[in-house]
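Worksheet for the structure shown next.
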Amino acid sequence: MKSGYTSVTSSQISAFAYNEKNQQLNIVFVKNGEEYQYSNVPKELVGQLVAADSFGSAFSGLIKKHPTRFPYTKV
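Throughout the sequence shown, residue numbering follows numbering that gives the first Met the number 0, covering 0 to 74 in sequence.
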């Protein structure tokens, strides 16, 4: 695990890291180990992900389905 990343219990996501200053959320996916960086993610939204019963489902509904609001790039 990379330094600064938090492991999560999810069938879709293995870990995440958040840069509050830049509002960037990095997500590492379970399936292929690929990492993506999502931009314009407010701290409050990350808090919702962490508090959710399912981190993966919350991420999919709140962030992944909105690529124009939260543009992403493969790291």
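Glycine included, each C-beta is placed from N, C-alpha and C at the ideal position.
Remember, predicted model here, so these are calculated numbers, not experimental data.
Residue i - containing beta strand (DSSP E), residue span
i: S13; result: I12 to N18
Residue i - DSSP class collapsed to helix/strand/coil
i: Q47; result: helix
i: S6; result: strand
i: K42; result: helix
i: K1; result: coil
i: S53; result: coil
i: K63; result: helix
Cβ neighbours of residue i in the same chain (closer than 7 angstroms, five flanking residues each side left out)
i: G55; result: S9, S10, Q11 and I12
Residues near residue i in its chain [Cβ-Cβ closer than 6 angstroms; skip 5 each side]
i: V7; result: F54
i: P70; result: S38
i: N18; result: none
Bounding residues of the alpha helix (DSSP H) (the contiguous stretch that carries residue i)
i: F69; result: Where F69 is concerned, there is no enclosing alpha helix (DSSP H), given that its DSSP letter is neither H nor E.
Residue(s) in a DSSP beta bridge with residue i
i: V27; result: A14 and E34
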